[in-house]
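Engineer: Protein chains in written order, with this note's numbering: chain A, 476 to 728; chain B, 476 to 728. We put the CB at the ideal spot given by N, CA and C, even for glycine.
2 protein chains.
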Amino acid sequence: MSMLLDERRESILKIVENKGFVSLVDLMDSVGASESTIRRDLEYLDGIGQIRRTRGGAAYSGESLSTFEDRSFMSSRQKRQIAQAVANMISPGEAVLMDGGTTTLEVARQLAGKQLQVVTNSLPIANLLVNQPEIDLMLIGGFLFPKTGVALGKTAVESLKSVHVRRLIISVGGITEDGLYNSNMLLVETEQQMFEAAEEVIVVTDSTKFGHSALAYLCPLDTVDHIVVDDGITEEWKDVIRKAGIELTVVET
Amino acid sequence: MSMLLDERRESILKIVENKGFVSLVDLMDSVGASESTIRRDLEYLDGIGQIRRTRGGAAYSGESLSTFEDRSFMSSRQKRQIAQAVANMISPGEAVLMDGGTTTLEVARQLAGKQLQVVTNSLPIANLLVNQPEIDLMLIGGFLFPKTGVALGKTAVESLKSVHVRRLIISVGGITEDGLYNSNMLLVETEQQMFEAAEEVIVVTDSTKFGHSALAYLCPLDTVDHIVVDDGITEEWKDVIRKAGIELTVVET
DNA sequence: ATTGTTTCTGAAAGATTTTGATGGTATTTT
DNA sequence: AAAATACCATCAAAATCTTTCAGAAACAAT
Chain A
476 MSMLLDERRE SILKIVENKG FVSLVDLMDS VGASESTIRR DLEYLDGIGQ IRRTRGGAAY
536 SGESLSTFED RSFMSSRQKR QIAQAVANMI SPGEAVLMDG GTTTLEVARQ LAGKQLQVVT
596 NSLPIANLLV NQPEIDLMLI GGFLFPKTGV ALGKTAVESL KSVHVRRLII SVGGITEDGL
656 YNSNMLLVET EQQMFEAAEE VIVVTDSTKF GHSALAYLCP LDTVDHIVVD DGITEEWKDV
716 IRKAGIELTV VET
Chain B
476 MSMLLDERRE SILKIVENKG FVSLVDLMDS VGASESTIRR DLEYLDGIGQ IRRTRGGAAY
536 SGESLSTFED RSFMSSRQKR QIAQAVANMI SPGEAVLMDG GTTTLEVARQ LAGKQLQVVT
596 NSLPIANLLV NQPEIDLMLI GGFLFPKTGV ALGKTAVESL KSVHVRRLII SVGGITEDGL
656 YNSNMLLVET EQQMFEAAEE VIVVTDSTKF GHSALAYLCP LDTVDHIVVD DGITEEWKDV
716 IRKAGIELTV VET
């Protein structure tokens with residue numbers, strides 16, 4: 476009863492999708508292939524972003540039926556590597572607050588399978604994590620913005636007031652020596668409340684954002700604890716960041 | 476039993492379409508041709524895009540039976556007609572509060588395109604409506620439940636306290652003369668707060684729910700203003716509903 | 001009917017990919 | 001620290017694919 480390669484992978488994907496998480500041994504049983512083969516299949520499926528490989532098995536991270544995936548589907552290798560770096564900082568059992576945005580979405584994807592408490596105002600992130608059995612998911616309500624699918628406004632701010640987490644993961648539209656910027660007043664307002672809720676602030680961004688401001692001022696540099704960025708960042712900016720007392724992680728690409 | 480070329484290829488195509496995946500050896504058997512011939516046929520069919528060649532055989536490349544769509548599109552004609560009836564009651568510009576559930580999701584689908592304000596604690600409904608330009612969408616936050624994707628708990632209840640809408644559309648797990656039931660304590664708790672937020676309560680359900688209770692008691696009958704149900708409902712139950720002063724809409728199927 | 005031409009078929013050899021196993025390394029648990 | 005578990009790199013065997021070629025079948029023209 477030798478299965479075709481694609482058939483087997485499809486079958487694995489379905490199982491993972493269905494159960495949320497499956498152990499490698501279980502998969503060996505259910506599809507009747509060797510450990511090596513399953514490993515290779517998981518590696519492949521992880522490579523194309525359909526599942527998230529975890530120690531001992533795999534978790535589902537495929538695209539749910541939301542409208543946002545198209546954009547994030549072209550998650551560049553860069554973005555993915557940044558996301559990977561951030562995900563590696565998160566320890567099991569932690570409580571994490573996640574802002575909207577394509578990079579943070581990618582982080583969420585990399586978090587699949589970990590045991591965590593996640594709080595978010597982002598619909599795409601919620602979609603991604605809602606069926607992860609290991610993840611306790613709390614949604615921040617508010618007015619939903621069509622373009623980005625994040626909940627903002629008075630309700631969101633109010634809800635955030637009763638939230639306390641270890642880490643906040645946030646993305647920005649621009650960074651100058653004066654601080655961080657984002658594109659939308661309402662967004663900034665909500666994000667400012669997020670700062671209050673978190674012990675540590677991690678900013679994910681790509682190197683092109685440095686030196687550019689944007690419509691709405693978010694916060695001064697010293698609000699941030701940690702910045703994760705690709706290796707396109709200049710030496711000058713590295714200096715600025717470090718002088719501001721911010722930990723800097725540069726991801727090699 | 477020598478087959479004509481086109482006939483054979485047609486036959487292969489049918490088999491592949493039917494099974495989704497077929498191995499080369501299987502095809503050799505069922506078509507009665509040599510390995511080489513089948514190979515060449517597959518190559519051809521792949522060339523014209525009718526199938527996808529895979530190692531060891533072929534896969535159907537037509538409409539992707541991509542697990543997701545099928546599930547949510549599996550709404551019966553009944554459900555859809557109920558949903559249509561409810562959607563027709565909603566006037567432009569109204570504010571509507573929508574509970575989770577497959578029937579209410581179908582209602583949401585029918586609401587698309589209308590100019591409305593929608594408040595919901597259901598992730599699927601939010602997904603559906605978030606990109607409708609005519610619809611102002613407000614999301615109720617809370618702990619997200621994996622199976623159903625609805626936000627519940629203290630946060631949800633608190634958020635609902637500052638909501639006021641014209642109509643609430645809600646689904647139930649069971650209806651008896653004593654009132655309405657649902658399957659989950661937390662769900663019921665949240666739904667009870669929803670009653671407070673709405674001027675008028677519309678219940679959508681199918682006729683099989685009458686006479687059955689469920690785990691958690693939701694409310695007495697007189698909390699409800701309007702019930703929409705399929706025509707499987709018995710005359711006795713019609714009487715009960717009407718005597719309770721509830722408007723009843725029976726959808727013909 | 002016969003011949004020549006073209007297309008299709010089946011078989012075999014050699015190249016490529018996939019697979020399962022093994023032993024060593026890293027990580028987690030006890 | 002030791003034991004248990006999971007991971008990774010490597011390799012030979014197995015399965016599958018491609019290429020090639022000669023014979024068979026179909027076809028057209030004489």
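Between B:Ala626 and chain A, is there a C-beta pair that is closer than 8 Å?
Structural biologist: Yes, B:Ala626 counts as interfacial toward chain A.
Engineer: The beta strand (DSSP E) that contains A:Arg641, what's its start and end?
Structural biologist: Run containing A:Arg641: Val640 to Ser646, per the beta strand (DSSP E) assignment.
Engineer: Is there a C-beta anywhere in chain B that falls below 8 Å from the one on A:Asp481?
Structural biologist: So yes, A:Asp481 belongs to the interface.
Engineer: Going by other Cβ atoms of all chains shown within 10 Å of its Cβ, with 16 needed for buried, is B:Ile523 buried or exposed?
Structural biologist: It is exposed - the Cβ of B:Ile523 has fewer than 16 other Cβ atoms within 10 Å.
Engineer: Give the interface partners of B:Ile615 over in chain A, defined as CB-CB distance under 7 Å, in chain order.
Structural biologist: Ordered by position in chain A, the residues that pass the 7 Å Cβ test against B:Ile615 are Gly616.
Engineer: Do you know how far the Cα of A:Asn596 is from the Cα of A:Lys622?
Structural biologist: Between A:Lys622 and A:Asn596, the C-alpha separation is close to 14 Å.
Engineer: Which whole-angstrom value is the C-beta distance of A:Gly617 and B:Met660, which I expect to be below 8 Å?
Structural biologist: With a Cβ gap of about 26 Å, A:Gly617 and B:Met660 do not count as contacting.
Engineer: Using a C-beta cutoff of 8 Å, does A:Ser658 count as contacting chain B?
Structural biologist: By this cut-off, A:Ser658 is not an interface position.
Engineer: What residues from chain A crowd round B:Arg530, counting only those whose CB sits closer than 9 Å?
Structural biologist: Those are Leu479, Leu480 and Asp481, listed as they occur along chain A.
Engineer: Thinking C-alpha only, which one of B:Ala672, B:Gly576, B:Val704 and B:Glu722 is nearest B:His639?
Structural biologist: The shortest C-alpha separation from B:His639 is found at B:Ala672.
Engineer: May I have a chain-ordered list of the beta strand (DSSP E) segments no shorter than 3 residues that lie completely inside the segment 645-686 of chain A?
Structural biologist: Fully enclosed beta strand (DSSP E) runs of 3 or longer: 649-651, 654-657 and 673-679.
Engineer: State the CB to CB distance for the pair B:Glu652 and B:Val715, rounded to an integer number of angstroms; the pair is presumed to be in contact (CB under 8 Å).
Structural biologist: So it is a contact: roughly 6 Å between Cβ atoms.
Engineer: Using DSSP with H/G/I as helix, E/B as strand and the rest coil, what is A:Gln525?
Structural biologist: It is coil, neither helix nor strand.
Engineer: Would you call A:Ser634 buried or exposed, if buried means 16 or more other Cβ atoms sit within 10 Å of its Cβ?
Structural biologist: Its Cβ being crowded by 16 or more others within 10 Å, A:Ser634 is buried.
Engineer: For B:Glu518 and B:Arg528, I'd like the C-alpha separation in whole angstroms.
Structural biologist: Rounded to whole angstroms, B:Glu518 to B:Arg528 spans 7 Å at the Cα level.
Engineer: Buried or exposed, going by whether 16 or more other CB atoms sit within 10 Å of the CB of B:Gly495?
Structural biologist: When all chains shown are included, B:Gly495 counts as exposed.
Engineer: According to DSSP, simplified to helix, strand and coil, what is A:Leu690?
Structural biologist: Of the three classes helix, strand and coil, the one that applies to A:Leu690 here is coil, per DSSP.
Engineer: Flag B:Ala601 as yes if its beta-carbon sits less than 8 Å from any beta-carbon of chain A, otherwise no.
Structural biologist: Yes, its Cβ sits closer than 8 Å to a Cβ of chain A.
Engineer: Leaving aside the five residues before and after A:Ala601 along the sequence, list all residues of the same chain whose C-beta is less than 8 Å from its C-beta, in chain order.
Structural biologist: Within the same chain, A:Ala601 has close Cβ partners Thr595, Leu612 and Leu614.
Engineer: Rounded to whole angstroms, what is the Cα-Cα separation between A:Arg514 and A:Glu485?
Structural biologist: Going from the Cα of A:Arg514 to the Cα of A:Glu485 covers about 14 Å.
Engineer: A:Ser597 CB to nearest chain B CB: under 8 Å?
Structural biologist: No, because no Cβ of chain B sits closer than 8 Å to the Cβ of A:Ser597.
Engineer: Measuring only the C-alpha atoms, how far is B:Leu690 from A:Leu480?
Structural biologist: For B:Leu690 and A:Leu480, the distance between alpha carbons rounds to 46 Å.
Engineer: On a CA-only basis, which of A:Ile490, A:Ile557, A:Val625 and A:Tyr535 is nearest A:Glu609? Give me that one, please.
Structural biologist: It is A:Tyr535.
Engineer: Assuming B:Val703 contacts B:Thr728 (C-beta within less than 8 Å), just tell me the rounded distance between them.
Structural biologist: 13 Å between Cβ atoms; not a contact.
Engineer: Have a look at B:Ser688, B:Glu711 and B:Leu655 and flag the residue whose alpha-carbon is nearest the alpha-carbon of B:Asp442.
Structural biologist: Chain B is shown only over 476 to 728; residue 442 of chain B falls outside these bounds and no answer can be derived.
Engineer: Measuring alpha carbon to alpha carbon, tell me which of A:Thr680, A:Lys713 and A:Arg483 ends up nearest A:Gln582.
Structural biologist: Before going further, note that residue 582 of chain A is Val rather than Gln in the sequence given. A:Val582 has its Cα closest to that of A:Thr680, out of A:Thr680, A:Lys713 and A:Arg483.
Engineer: Round the Cβ separation of B:Leu598 and B:Leu580 to the nearest angstrom and send it over; I've been treating them as touching at under 8 Å.
Structural biologist: With 8 Å as the limit, B:Leu598 and B:Leu580 do not qualify as a contact, their Cβ atoms being about 10 Å apart.
Engineer: In this structure, how does DSSP classify A:Met478 when only helix, strand and coil are distinguished?
Structural biologist: Note: A:Met478 maps to coil in three-state DSSP.
Engineer: Below 7 Å CB to CB, which residues in the same chain sit around A:Ser682 once its five sequence neighbours on both sides are set aside?
Structural biologist: Contacts found: Val704, Asp705, Gly707 and Ile708.
Engineer: Using the beta-carbon count (16 or more within 10 Å), is A:Arg642 buried or exposed?
Structural biologist: Buried.
Engineer: For A:Lys629 and A:Phe670, what's the separation of their Cα atoms in angstroms?
Structural biologist: Taking the straight line from one Cα to the other gives about 16 Å.
Engineer: Flag this pair as yes or no: are the beta carbons of A:Leu499 and A:Leu520 separated by less than 8 Å?
Structural biologist: No, Cβ-Cβ distance for A:Leu499 and A:Leu520 is not below 8 Å.
Engineer: Given this structure, state the Cα-to-Cα distance separating A:Val506 from A:Gln525, to the nearest angstrom.
Structural biologist: Those two C-alpha atoms are separated by around 18 Å.
Engineer: What is the rounded straight-line gap between the Cα of A:Val605 and the Cα of B:Lys718?
Structural biologist: Approximately 42 Å, taken between the alpha carbons.
Engineer: Could you give the DSSP three-state label for B:Gln607: helix, strand or coil?
Structural biologist: Coil.
Engineer: Please report the residue range of the alpha helix (DSSP H) in which B:Ser498 lies.
Structural biologist: Not the alpha helix (DSSP H): B:Ser498 falls in the beta strand (DSSP E), residues Phe496 to Ser498.
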